[in-house]
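Protein chains in written order, with the numbering used here: chain A, 1 to 353; chain B, 354 to 706; chain C, 707 to 1059; chain D, 1060 to 1412.
Protein chains: 4
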Amino acid sequence: MTGGTPVIPPDVVRCAYLDLVVSDLAAARRFYVDLLGLHVTAEDESAIHLRCFEEFIHHNLVLRQGPVPAVAAFAFRVRTPEDVDRAEAWYRERGCRTERRPGGFVRGVGDAVRVQDPLGFPYEFFHQVEHVERLTRRYDLYSAGELVRLDHFNQVTPDVPRGRAYLEDLGFRVSEDIKDAAGTTYAVWMHRKQTVHDAALTGGNGPRMHHLAFATHEKHDIIQICDKMGALRISDRIERGPGRHGVSNAFYLYILDPDGHRVEIYTQDYYTGDPDNPVVTWDVHDNQRRDWWGNPVVPSWYTEASLVLDLDGNPQPVLERSDPSELAVTVGADGFSYTRAPGQGGFKLGHQV
Amino acid sequence: MTGGTPVIPPDVVRCAYLDLVVSDLAAARRFYVDLLGLHVTAEDESAIHLRCFEEFIHHNLVLRQGPVPAVAAFAFRVRTPEDVDRAEAWYRERGCRTERRPGGFVRGVGDAVRVQDPLGFPYEFFHQVEHVERLTRRYDLYSAGELVRLDHFNQVTPDVPRGRAYLEDLGFRVSEDIKDAAGTTYAVWMHRKQTVHDAALTGGNGPRMHHLAFATHEKHDIIQICDKMGALRISDRIERGPGRHGVSNAFYLYILDPDGHRVEIYTQDYYTGDPDNPVVTWDVHDNQRRDWWGNPVVPSWYTEASLVLDLDGNPQPVLERSDPSELAVTVGADGFSYTRAPGQGGFKLGHQV
Amino acid sequence: MTGGTPVIPPDVVRCAYLDLVVSDLAAARRFYVDLLGLHVTAEDESAIHLRCFEEFIHHNLVLRQGPVPAVAAFAFRVRTPEDVDRAEAWYRERGCRTERRPGGFVRGVGDAVRVQDPLGFPYEFFHQVEHVERLTRRYDLYSAGELVRLDHFNQVTPDVPRGRAYLEDLGFRVSEDIKDAAGTTYAVWMHRKQTVHDAALTGGNGPRMHHLAFATHEKHDIIQICDKMGALRISDRIERGPGRHGVSNAFYLYILDPDGHRVEIYTQDYYTGDPDNPVVTWDVHDNQRRDWWGNPVVPSWYTEASLVLDLDGNPQPVLERSDPSELAVTVGADGFSYTRAPGQGGFKLGHQV
Amino acid sequence: MTGGTPVIPPDVVRCAYLDLVVSDLAAARRFYVDLLGLHVTAEDESAIHLRCFEEFIHHNLVLRQGPVPAVAAFAFRVRTPEDVDRAEAWYRERGCRTERRPGGFVRGVGDAVRVQDPLGFPYEFFHQVEHVERLTRRYDLYSAGELVRLDHFNQVTPDVPRGRAYLEDLGFRVSEDIKDAAGTTYAVWMHRKQTVHDAALTGGNGPRMHHLAFATHEKHDIIQICDKMGALRISDRIERGPGRHGVSNAFYLYILDPDGHRVEIYTQDYYTGDPDNPVVTWDVHDNQRRDWWGNPVVPSWYTEASLVLDLDGNPQPVLERSDPSELAVTVGADGFSYTRAPGQGGFKLGHQV
């Protein structure tokens, strides 16, 4: 409360765009435009604004040339102009640093507030945005492997329960999580729009960005992206997948951009819009939680992530996770995972390493 | 207003199930279960409760044996138990007949109100519902052509603008519509969940139900349903499609159940959750509005529809549309439609008849 | 026989390329290259040589500017250089005009013979051909809707049984045909490679070319071609489909190039390589023979076709079919077709007109 | 030669069926029928005869209960009855043991010869076979993940060049192979039908069967098989994949039956029917040869394989490969593999282990 008036959180509509610093803008353009086919809304010497095929707001990704590859902001759209005020007040009440810019932080976006959130992430909230041509029916521009929507952000943070409580206060709802019998939470998926998530929290050293995710229409689109990376002889930039997630049930792929920023390509999760949408909790030792087919998660997927910037543009220091790590408890000598239900046998431990 | 207290509409979450009277329950079961693969939650001699693959509420379709094939209720889920009260008050204030049943109208659903709405349709609003196993990851039960979600209802009504105003009051938002230069509205698509529609209004003699729609994951699933109907030698029950809609951009198919109730199979429309989601208005003479490939709409698709029942279970009388009909203005001798943008030529009139 | 030596037919490997005259080379290029994505092997002011994604010979289609849109040659590859001699001898023995060119008729192809066959079609047989890069793994060049192989030619001829006997003598084998109870043959599908056909004969006024067919990998590729034609506002050039053939079981689409030459896009027929591969005979009145879903065949599909040239480059005169036409016996007032097996009911006649 | 008459090899049409001994017929039935959906042509207490969706001969797989899980015969169809005689003579001339049974070795197959071939494999050649219903258009029986054709056998043998020379003598043609700069051949793919292979030889301790492969129509079918195995909690039986092969260009998956017999699911290789079809040779150090996306090959895939039986039903002794093993030269401390073309960097070695 502030002077008796309840501070209500902003009505967040969805994750909307990522403001991303890259070390080589031309190389990043080859990756996001030439390889992945994102559509250029605007570009100049210092930045490129990109959008997905079905997007009508100005961009879903801003690539900005900079000295340190890192996330400058995770930007969320809010329902009304007043929700920007609410966001500012809500974070200020929590003692967070905020910066309001009526003219926006990036081209195409108006009045916005950026905050350094309780977990150390730079979040932006905006409503005003330039509308651009929605390419939905422009099949003359539709490539094999077309990315049609921004789907979600995935963030690494040491204390997942703390992050979850904060985002629930902000109005996010949990769709799925990974825990163990001792009560440790390893990861949580939280949404505002009616999909499995707008933001996921993965336990680890942070604050860092684990990945940014785009959606395709069908599964063959994801296979085509792999095939194209093979043809371009950059298959070493395919980090993990393709596969079917246990969590979210989506078909997925993880690839790495020239700076090592991780991009997920993702399709066919499920509707979560009902108020009592059932939460799915996975046992960290269930070998199908991360890959429904039991294929191993490469260690780099657990350990590597992108830096995030503070509001001055400096990298946030990375804090170590003190809870057990999912990597440690599931892979290698100390790991214990099962594929089949208890009593059924069928362990696939050897496959994990 | 009632005594100075504003009567606010219920917070409708989504279209949730259809209560459908069929003349031969065994024949309907062959269609919806054996052919289409809907999953049986419950059944007895008089009714079958069916759900889609990714549904967690008790059912999306109730088939009930009855003397006159007709829709008994279009049922919508609301956000809270109090929203049922709000629905009741909101319709009463409009002078509509309502019936409240704390124990629900059908198995698996609790406290609900049914109303005879201003357009003559039987609408139900409920919140309490039995949760059942969500089959999302049960790929051992996944058939070729699997129906994964209930997508929408499509209703025929003579006066589309009147219906649109009423549903906007109720909180629905328009995603797309079809008009002509003279201002006639032929159809409108309206949503609560973040898809193109929960309910569409098609201009014609009504109140009648035009169709009920289920979603598949991918386009090949819809092709498989056609192939299966061919194999079963019931291809005469394929009425229209498959094709790509102009409106909604979805890939579609229309088939007819044994009573002639029309079912659409539908996939890959687009996200509409932003508050300023752009409305798409189509010219009724644009030959790609109903089928993006310009394939003709069969006349029966414009003229045939299912009766709806009043709250006593009697068929509602069907009122004639006085506005021009889409069939008359687009098909045949008097029709005038174009495929290409003005000045480009390329009419496809001959294809229409 | 010629002087006691048996004249054996050439060992035909497959249909290999079509030599096609177009009236506007630039417009044809927009259709075959910009729209359909065929790959240019060579081009100059008068001709364009195109190949499919998985082809390793110089081309599958030659577009040549000329005064009369028509087929200059249906070209087949034979197994050995000597098979070109055999082809020449085999047709000469039948009294057909032949022309041998050791340097080939078109760029990229060596020693070849062209003949005016007993049905009036210009056939070419060659073995020597320039190899080019097979793009099979070049997924960086793979478009949505990619055409991966030339599949077959379809030819219109008045007397189908006569044509069938001739092609069987030449070594082709029948996979499927359409007949009626009175013994009339309406169409026949014949192959050398292990698919349903390299050449089909459709009964009608001829000699004319009914269509040229390319294969895609999957069904969604064909849907994308339709979607793209919609986006380009040339949906009026979609003549028929997409649909599932009864005959061949392939998923299909028919579109028209700027000169009205018909192109089929085709995928997923079946293996026919066994010597006793079962022949499938369809009743002309079976409403699912041409479209497994019972969708109507537009009349133009039966009546329109491309001229073919003689060896001097003049259009062959078109002879009328005297047998009953498939169009007349299946569509309209005199037509009688069924969808369901005898005794099951379910006629779909009204849908046909 | 035998007395001046040249012994010509049989005209082999294709790989046709595998005669496979399993230790638990009921468990094998659950795998091949309940999980994979193969269609039962015939079964009794000791054997099950299964066929693919588009097959018209009696079976593609015989499962027989027996004491030692092993391959009893790799059976190939020949073009004529006389080709069975030719096969018998051809192997006898090479000093191979043969057994002729005019009534056939298994139900549904007539006159056949089985041989113990120069590499120690039990090969069968037959022409006469019972025709059964080809289910091609029976989409009412079409499951998600349907297996439509038997595609190939893959055999492990110590001396690949020797095996290749023998199969070339028998009339097989090479489509692709894997070699190194020193001239060692690691594997070779050979075909009779117009696909990449009917039989592949993989270098290793043998004679053993590496795997049996079935084809699906599209890629999503293979993903569904993985998803179903996940749902049944037998993901530990997914050994490798899914992925895109470099060799063959097919989309693939390897799974293990209850006895450890390896089954590949495979789709979309390419046409090889031309006499000069280009042979593709891969460098064993090219990290994309086995998986175009550079995903690692699990060691078990290189080391595990099924025993094969001699004509008395006893397991053949397994001889060690003396050439370098592909596993040793590509995986682990001594391995050296590259993803990018020389000079481009981009090694993916760490991913391999």
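We treat Cβ as the ideally placed atom computed from N, Cα and C, and that holds for glycine.
All values derive from a computational prediction rather than experimental measurement.
- Below-8 angstroms beta-carbon distance, residue 878 of chain C vs any chain D residue: Reading the third sequence from its first residue, position 172 is the one you call residue 878 of chain C. For residue 878 of chain C, the closest Cβ of chain D is not nearer than 8 angstroms.
- Query: Between the region 970-989 of chain C and the region 1223-1242 of chain D, are three or more C-beta pairs nearer than 8 angstroms?
  - Reply: The region 970-989 of chain C vs the region 1223-1242 of chain D: no contact.
- Task: Give the interface partners of residue 235 of chain A over in chain D, defined as CB-CB distance under 9 angstroms, in chain order.
- Result: Reading the first sequence from its first residue, position 235 is the one you call residue 235 of chain A. Contact of residue 235 of chain A with chain D by beta-carbon distance below 9 angstroms involves 1346, 1347, 1350, 1351, 1352, 1353, 1354, 1398, 1399, 1405, 1407.
- Give a yes or no on whether 8 angstroms exceeds the smallest Cβ distance from residue 1090 of chain D to chain A. Numbered from 1 along the fourth sequence, position 31 holds the residue referred to as residue 1090 of chain D. So, not an interface residue.
- Query: Of the residues that make up the region 220-249 of chain A, which ones have a beta carbon closer than 7 angstroms to any beta carbon in chain C?
  - Reply: From the region 220-249 of chain A, only 220, 224, 227, 228, 230, 231, 232 have a Cβ closer than 7 angstroms to chain C.
- Span separating the alpha-carbon of residue 872 of chain C from that of residue 1037 of chain C: On the third sequence, residue 872 of chain C is found 166 positions in, with the first residue counted as 1. On the third sequence, residue 1037 of chain C is found 331 positions in, with the first residue counted as 1. Straight-line Cα distance between these residues: approximately 30 angstroms.
- Taking DSSP as the reference, what is the three-state secondary structure of residue 854 of chain C? The residue labelled residue 854 of chain C in the question sits at position 148 within the third sequence. The DSSP-derived three-state label of residue 854 of chain C is coil.
- Every unbroken beta strand (DSSP E) inside the region 607-693 of chain B [3 residues or more]: 615-620, 633-636, 659-661, all fully within the region 607-693 of chain B.
- Query: In this structure, what does DSSP give as the bridge partners for residue 1414 of chain D?
  - Reply: Limits of chain D in this structure are 1060 at one end and 1412 at the other, which puts residue 1414 of chain D out of reach.
- residue 1068 of chain D versus residue 1281 of chain D: straight-line alpha-carbon distance, rounded: Locating residue 1068 of chain D in the fourth sequence gives position 9, where the first residue counts as 1. Locating residue 1281 of chain D in the fourth sequence gives position 222, where the first residue counts as 1. The straight-line gap separating the alpha-carbon atoms of residue 1068 of chain D and residue 1281 of chain D is approximately 36 angstroms.
- Query: On the three-state DSSP scale, how would you describe residue 139 of chain A?
  - Reply: Along the first sequence, read from residue 1 onward, the residue named residue 139 of chain A stands at position 139. Reduced to three states, the DSSP call for residue 139 of chain A is helix.
- Item | Bridge partners - residue 15 of chain A, DSSP secondary structure assignment | Here residue 15 of chain A refers to the residue found at position 15 when the first sequence is read from its first residue. Checking the DSSP bridge columns, you'll see residue 15 of chain A partnered with A/76.
- Who are the near neighbours of residue 1354 of chain D in its chain, counting only those whose CB is closer than 7 angstroms to its CB and skipping five residues on each side? Stepping through the fourth sequence from its first residue, residue 1354 of chain D is reached at position 295. Only residues of its own chain outside the window of five on either side were considered, and among them 1302 have a CB closer than 7 angstroms to the CB of residue 1354 of chain D, listed in chain order.
- Cβ of residue 1193 of chain D less than 8 angstroms from any chain C Cβ? Within the fourth sequence, numbered from 1, the residue matching residue 1193 of chain D stands at position 134. It does; some Cβ of chain C falls within 8 angstroms.
- Message: Give me the chain A residues within the contact set of residue 627 of chain B, using Cβ-Cβ distance strictly less than 7 angstroms, ordered along the chain.
- Response: Taking the second sequence and counting its residues from 1, one reaches residue 627 of chain B at position 274. Those are 13, 77, listed as they occur along chain A.
- Task: Grab the span of the beta strand (DSSP E) containing residue 593 of chain B for me, first residue to last.
- Result: What you label residue 593 of chain B is simply residue 240 of the second sequence in a count that begins at 1. Residue 593 of chain B -> beta strand (DSSP E) spans 591-597.
- Drop a sphere of 10 angstroms on the beta-carbon of residue 181 of chain A, count the other beta-carbons inside from all chains shown, and report buried for 16 or more, exposed for fewer. The count along the first sequence starts at 1 and reaches residue 181 of chain A at position 181. With fewer than 16 other Cβ atoms inside 10 Å of its own Cβ, residue 181 of chain A counts as exposed.
- For residue 601 of chain B, name the three-state secondary structure that DSSP assigns. For the purposes of this step, residue 601 of chain B is taken as the residue at position 248 of the second sequence. Residue state, collapsed to three classes: coil.
- Using a Cβ-Cβ cut-off of 8 angstroms, state whether residue 1253 of chain D counts as contacting chain C. As a first step, residue 1253 of chain D must be located in the fourth sequence, where it is residue number 194. With 8 angstroms as the cut-off, residue 1253 of chain D counts as an interface residue toward chain C.
- Message: Strictly under 8 angstroms for the Cβ-Cβ distance: is residue 126 of chain A near chain D by that measure?
- Response: Residue 126 of chain A sits at position 126 when you count from the first residue of the first sequence. So no, residue 126 of chain A is outside the interface.
- Could you pull out every residue in the same chain whose Cβ sits closer than 6 angstroms to the Cβ of residue 830 of chain C, ignoring the five residues on either side in sequence? To locate residue 830 of chain C, count along the third sequence from 1; it is residue 124. Counting only Cβ-Cβ distances below 6 angstroms, and skipping sequence neighbours, we find 779, 781, 818, 820.
- Message: Using 8 angstroms as the threshold, is the C-beta distance between residue 1186 of chain D and residue 1121 of chain D below it?
- Response: Along the fourth sequence, read from residue 1 onward, the residue named residue 1186 of chain D stands at position 127. Along the fourth sequence, read from residue 1 onward, the residue named residue 1121 of chain D stands at position 62. Not closer than 8 angstroms, so no.
- Are the beta-carbon atoms of residue 1263 of chain D and residue 1325 of chain D separated by less than 8 angstroms? Position 204 of the fourth sequence holds residue 1263 of chain D. Position 266 of the fourth sequence holds residue 1325 of chain D. Contact: no.
- Query: Secondary structure at residue 1235 of chain D, three-state DSSP: helix, strand or coil?
  - Reply: For this step, residue 1235 of chain D is matched to residue 176 along the fourth sequence. Looking at residue 1235 of chain D - three-state DSSP - the assignment turns out to be strand.
- If you check the beta carbons only, do residue 1014 of chain C and residue 913 of chain C fall under 8 angstroms apart? The residue given as residue 1014 of chain C occupies position 308 in the third sequence. The residue given as residue 913 of chain C occupies position 207 in the third sequence. Yes, Cβ-Cβ distance for residue 1014 of chain C and residue 913 of chain C is below 8 angstroms.
- Item | Ordered list of beta strand (DSSP E) runs contained in the region 741-800 of chain C, each at least 3 residues | Runs of the beta strand (DSSP E) inside the region 741-800 of chain C: 745-749, 753-757, 767-771, 776-784.
- Message: Can you pull the chain D neighbours of residue 780 of chain C, defined as C-beta to C-beta under 8 angstroms?
- Response: The count along the third sequence starts at 1 and reaches residue 780 of chain C at position 74. Neighbours of residue 780 of chain C across chain D, judged by C-beta separation under 8 angstroms, do not exist; the nearest C-beta is about 17 angstroms away.
- Task: Examine the Cβ distances between the region 1305-1317 of chain D and the region 1198-1208 of chain D and report whether three or more of them are shorter than 8 angstroms.
- Result: These segments do not touch.
- Using a Cβ cut-off of 8 angstroms, which residues of the region 955-979 of chain C contact any Cβ in chain B, in chain order? Along the region 955-979 of chain C, the positions whose C-beta sits under 8 angstroms from a C-beta of chain B are 957, read in chain order.
- Under 8 angstroms between C-beta atoms, does residue 550 of chain B make it to chain A? As a first step, residue 550 of chain B is located in the second sequence; it is residue number 197 there, counting from the start. No - not a single Cβ of chain A is within 8 angstroms of the one on residue 550 of chain B.
- Item | Backbone CA spacing between residue 442 of chain B and residue 970 of chain C [nearest angstrom] | Your numbering for residue 442 of chain B matches position 89 in the second sequence. Your numbering for residue 970 of chain C matches position 264 in the third sequence. The alpha-carbon of residue 442 of chain B is positioned some 59 angstroms away from that of residue 970 of chain C.
- Task: Pull up the distance between the alpha-carbon of residue 802 of chain C and that of residue 1018 of chain C, whole angstroms please.
- Result: Mapped onto the third sequence, residue 802 of chain C falls at position 96. Mapped onto the third sequence, residue 1018 of chain C falls at position 312. Cα atoms of residue 802 of chain C and residue 1018 of chain C: separation of roughly 14 angstroms, rounded to the nearest angstrom.
- Item | Buried versus exposed, by CB contacts within 10 Å (16 or more), residue 188 of chain A | Residue 188 of chain A sits at position 188 when you count from the first residue of the first sequence. Flag for residue 188 of chain A reads buried.
- Query: How should residue 1059 of chain C be labelled, buried or exposed, when 16 other C-beta atoms within 10 angstroms of its C-beta is the threshold for buried?
  - Reply: Within the third sequence, residue 1059 of chain C is the residue found at index 353, counting from 1. Confidence at residue 1059 of chain C is low in this model, with a pLDDT of 28, below 50, so the placement of that residue is unreliable and no value is reported for it.
- Task: Using the Cα positions of residue 1235 of chain D and residue 1283 of chain D, report the straight-line distance between them to the nearest angstrom.
- Result: As a first step, residue 1235 of chain D is located in the fourth sequence; it is residue number 176 there, counting from the start. As a first step, residue 1283 of chain D is located in the fourth sequence; it is residue number 224 there, counting from the start. Looking at the two C-alpha atoms, the distance is approximately 29 angstroms.
- When you compare only the Cα positions, how much space is there between residue 326 of chain A and residue 968 of chain C? On the first sequence, residue 326 of chain A is found 326 positions in, with the first residue counted as 1. On the third sequence, residue 968 of chain C is found 262 positions in, with the first residue counted as 1. One alpha carbon belongs to residue 326 of chain A, the other to residue 968 of chain C, and they sit about 59 angstroms apart.
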